[in-house]
Amino acid sequence: MAQVTATLPSSERNSTRTLATCAAVIAALYFGSEILVPIALAILLGFVLAPSVRKLQKLGLGRIPPVVITVMIAVVFLGALGALITTQLRDLSNDVPRYERTIVRKIQYLQGMSTGGSMQRIEDAIATISKAVNRQPEAQVVSGSGSPAAATQQTTGEKPAAAPMPVEIIAPTPSAIDTILRVSAPLVHPVATAGIVLIFVVFILLQREDLRNRAIRLFGATDLQRTTAAIDDGAKRLSRYLLTQCAVNTASGIIVGISLWLIGVPSPILLGIIFACMRFIPYVGPVIGSIVPLVLASAVDPGWGMVIWTAAMLLAVESVIGQVVEPFAYGHNTGLSPIAIIIAATFWTVLWGPVGLFLSTPLTVCLVVLGRHVEQLEFLDVLLGDRPPLAPSETFYQRLLANDPVEASDQAQKCLSAMSVSEYYDAVALPGLLLAQGDVAQNRLDHDRQEQIKAAALDVVEDLERDAPGDDQPDDRQKFWSTGKPTEVTDADVATKPDDLVPETPPQFTKAGSVLCVGARGPLDDAAAAMLVQVFLGHQIGARCESYTALSKTEIDHLDVAGVALICLSALDGSSPAFLRFVLRRLRRRAPRAHILVGAWWRIGGLRDTDEEIDQVVKDPKVTTFVDAIRYCMSQPPEGVVDAVDPIETAATLPAVVPALS
4 MAQVTATLPS SERNSTRTLA TCAAVIAALY FGSEILVPIA LAILLGFVLA
54 PSVRKLQKLG LGRIPPVVIT VMIAVVFLGA LGALITTQLR DLSNDVPRYE
104 RTIVRKIQYL QGMSTGGSMQ RIEDAIATIS KAVNRQPEAQ VVSGSGSPAA
154 ATQQTTGEKP AAAPMPVEII APTPSAIDTI LRVSAPLVHP VATAGIVLIF
204 VVFILLQRED LRNRAIRLFG ATDLQRTTAA IDDGAKRLSR YLLTQCAVNT
254 ASGIIVGISL WLIGVPSPIL LGIIFACMRF IPYVGPVIGS IVPLVLASAV
304 DPGWGMVIWT AAMLLAVESV IGQVVEPFAY GHNTGLSPIA IIIAATFWTV
354 LWGPVGLFLS TPLTVCLVVL GRHVEQLEFL DVLLGDRPPL APSETFYQRL
404 LANDPVEASD QAQKCLSAMS VSEYYDAVAL PGLLLAQGDV AQNRLDHDRQ
454 EQIKAAALDV VEDLERDAPG DDQPDDRQKF WSTGKPTEVT DADVATKPDD
504 LVPETPPQFT KAGSVLCVGA RGPLDDAAAA MLVQVFLGHQ IGARCESYTA
554 LSKTEIDHLD VAGVALICLS ALDGSSPAFL RFVLRRLRRR APRAHILVGA
604 WWRIGGLRDT DEEIDQVVKD PKVTTFVDAI RYCMSQPPEG VVDAVDPIET
654 AATLPAVVPA LS
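In my numbering, the protein residues as written are 4 to 665.
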């Protein structure tokens, strides 16, 4: 076996080793449930009780007394809760015979509603078919007395056999010891489990620093500062979450119990406890916890009023708790994705039964917390956590690769609820295009794929253009296009413009076509140029765009530069200073009186080794983000337009951006 494994490639050996490890862990969880379930319960209780122990230790009570006091209070509370549940169950079992007649009458009433209807006809048809299928063959007809055996005995003269004597086995009366053993047998396992959990909780609380240090040694001995901070922060967050969940579920149980008592449903304390416990089960827990009160209300009230009031109360309580209290208490979520909660509930239930169902969410939260703070377990956060698996820029690029501009536009709309278009392009779209440019540099994207990405990006630009507010909504328009406040604001700015720190657009940039945005090298640069044009137009800067092909040797002489006051060269690739210098030289020859601004978008991802050389050979001003490009234009002093142009209307509305590049 070792020889066969050694002949496999390294990737296959790693996959085989990973699968074998997972299988071994799952098998250990399944077969070791008798030991692991108490340990898991003890760990969760340790997280719940740890804050109380720390507070008592801060009071100067030492190390052991706070643990003993906290554990004893918890034991007394759980014991009182168990005694209360037992009392409520006994009272309810004594009252059940009184509700039997009400339940029977309601069942008969429901059956009567279907009499003569479709259900009755279906039942009659099924009964007829069943009789026809189960019809027995007619019995053999014999003469004289009875069966064929009797007739045979009459002809042969044999005496009939004697009837068998009935035998009855009577069990001996059990002794007192047998009765005690029979009654106590079901209690042995729960009591033993509770004792083991109690012992583990005490030792976990006493040795929590030692356990923390062992975890640090196991997962991050090379970076003690970071690992210590991560584990401490994760433990505090997990304790806070578990305490909050216990508090929220307890409050919901108290509210349900009081409401049921006011409605008149018997055993309201028991029903409130059941509802609170069921809320620990994700999704289906509140539904299960609502079934028992509804059934009991139906059994108590001869009519349907109590059932309706109970259902309305449960729906109202769960709606308020789930939609108002939980979002305020711990952000509405557990840090797990919805599908992870369902998978975790199924997984732990199969392994550990009903106990696993109750522990599924807390245990999975523990795994996600470990995945977020321990590098070796990061895959747990990726698989189970609710954080997006891809960064927004990665999602944007992935959607462009898949030629799905619709979803990319949906993502943009979600981002625009928290940022402006300019900020969205700087934070999401440009980094996404830089990822594409990185694949181009590694020869992973051919020209056709680049054109496809460009077309999808232009579709996103068009969608945002259609959603832009009009001039009749100045406040919404300013918010939609806002570039934010300047990084440095002088006292003069505040005195002259206290409400709006963004200066007016210089006159030389208000004419349509006064700013030309052109791609430097490829289709991806064109996409960035189209986005920049849209941002310029949103700030009343008359911009238009041209494709990178206009800078070629055969097309540069046909480039329309009439009335252009500023040329913005859009570049995603800063790896070739010589190419940038060559393109800029062509632009200066074609438009010698126009200013040139270099959009060095590649610097969003960090400086490169070539940037120092670029700064030496390219003396034109450079900007890194769209926000910087807008501020550059706004900061220019007014001056006349370079070339005389025919009078045209100013860029008061958004003209189409895409046709120039399509």
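Heads up, the beta-carbon is just placed ideally off N, CA and C, and yes, glycines get one too.
**Request:** Express the C-alpha separation of Asn216 and Arg375 in angstroms, rounding to a whole number.
**Result:** 18 Å
**Message:** Taking the straight line between their C-alpha atoms, what separation do you get for Ala394 and Pro434?
**Reply:** 10 Å
**Request:** For Pro100, count neighbouring C-beta atoms within 10 Å of its own C-beta (all shown protein chains included) and say buried if the count is 16 or more, exposed if not.
**Result:** exposed
**Asked** Pairing CB atoms from the segment 239 to 250 with CB atoms from the segment 355 to 375, are three or more of them under 8 Å?
**Response** yes
**Prompt:** In the structure shown, what three-state DSSP assignment does Leu380 receive?
**Reply:** helix
**Item:** Cβ shell of Asp502 (< 7 Å), same chain only, five flanking positions each side left out
**Value:** Confidence at Asp502 is low in this model, with a pLDDT of 37, below 50, so its placement is unreliable and no value can be given for it.
**Prompt:** Taking the beta strand (DSSP E) that Leu519 falls in, what are its first and last residues?
**Reply:** 518 to 522
**Item:** Ser270, DSSP secondary structure in three states
**Value:** coil
**Request:** Starting from the C-beta of Glu454, find all residues in its chain whose C-beta is less than 6 Å away, skip the five residues before and the five after it, and write them out in chain order.
**Result:** Pro526
**Rounded Cβ spacing between Cys418 and Val409 (contact assumed at less than 8 Å)** = The Cβ separation is near 15 Å, so there is no contact.
**Message:** With DSSP as the reference, identify every bridge partner of Cys548, one or two as the case may be.
**Reply:** Cys520
**Asked** Taking just the CA atoms, how far does Ile311 sit from Pro365?
**Response** 34 Å
**Request:** Report yes if the C-beta distance between Val70 and Val290 is below 9 Å; otherwise report no.
**Result:** no
**Message:** Quick check on Ile617: does DSSP put it in helix, strand or coil?
**Reply:** helix
**Asked** Between Leu448 and the rest of its own chain, which residues show a CB-CB distance below 7 Å, the 5 nearest in sequence each way excluded?
**Response** Ala439, Asp442
**Asked** Between which two residues does the beta strand (DSSP E) harbouring Ser573 extend?
**Response** 569 to 574
**Item:** Element boundaries [beta strand (DSSP E), containing Leu600]
**Value:** 598 to 603
**Request:** Work out the CA separation of Ala197 and Leu64 for me, nearest whole Å.
**Result:** 27 Å
**Message:** Short of 6 Å in beta carbon distance, which residues of its chain neighbour Cys571, apart from the five on each side in sequence? Order them along the chain.
**Reply:** Cys520, Leu600, Gly602
**Message:** Between which two residues does the alpha helix (DSSP H) holding Arg611 run?
**Reply:** Here Arg611 belongs to no alpha helix (DSSP H), and DSSP marks it neither H nor E.
**Prompt:** If we cut at 9 Å on Cβ distances, does Gly82 have a partner in chain B?
**Reply:** Protein chains in the displayed structure number just one, and chain B is not present.
**Request:** Quick one: using the 10 Å Cβ neighbour count with 16 as the cut-off for buried, is Leu587 buried or exposed?
**Result:** buried
**Asked** Cα separation between Asp98 and Gln91?
**Response** 11 Å
**Asked** Using 8 Å as the threshold, is the segment 533 to 549 in touch with the segment 510 to 520, meaning 3 or more CB pairs across them?
**Response** yes
**Request:** Name, in chain order, the residues that DSSP records as bridge partners for Lys417.
**Result:** Bridge partners of Lys417: none, in fact.
**Request:** State the Cα-Cα distance for the pair Thr352 and Tyr33, rounded to the nearest angstrom.
**Result:** 10 Å
**Request:** Can you have a look at Thr19 and say buried or exposed, based on whether 16 or more other CB atoms are within 10 angstroms of its CB?
**Result:** exposed
**Asked** Should the segment 71 to 84 be regarded as contacting the segment 40 to 47, the criterion being three or more beta carbon pairs within less than 8 Å?
**Response** no
**Request:** Could you tell me whether the Cβ atoms of Pro305 and Thr131 are closer together than 9 Å?
**Result:** no
**Prompt:** How many Å lie between Cys517 and Cys636 at the Cα?
**Reply:** For the record, residue 517 in the displayed sequence is Ser; it is not Cys. Going from the Cα of Ser517 to the Cα of Cys636 covers about 11 Å.
**Message:** To the nearest angstrom, how far is the alpha carbon of Ser148 from that of Pro167?
**Reply:** With a pLDDT of only 49 at Ser148, under 50, the local geometry of the prediction cannot be trusted, and the value read off the model is given with reservation. Spanning the two alpha carbons is a distance of roughly 21 Å.
**Tyr428 classed as buried or exposed, judged by whether at least 16 other C-beta atoms fall within 10 angstroms** = buried
**Prompt:** Roughly how many angstroms lie between the CA atoms of Pro650 and Cys548, to the nearest whole one?
**Reply:** In this prediction, Pro650 scores a pLDDT of 32, lower than 50, which makes its location untrustworthy; no coordinate-derived value is stated.
**Request:** Consult DSSP for Gly306 and reduce its assignment to one of helix, strand or coil.
**Result:** coil
**Asked** Is the CB-CB distance between Gly566 and Thr613 below 9 Å?
**Response** no
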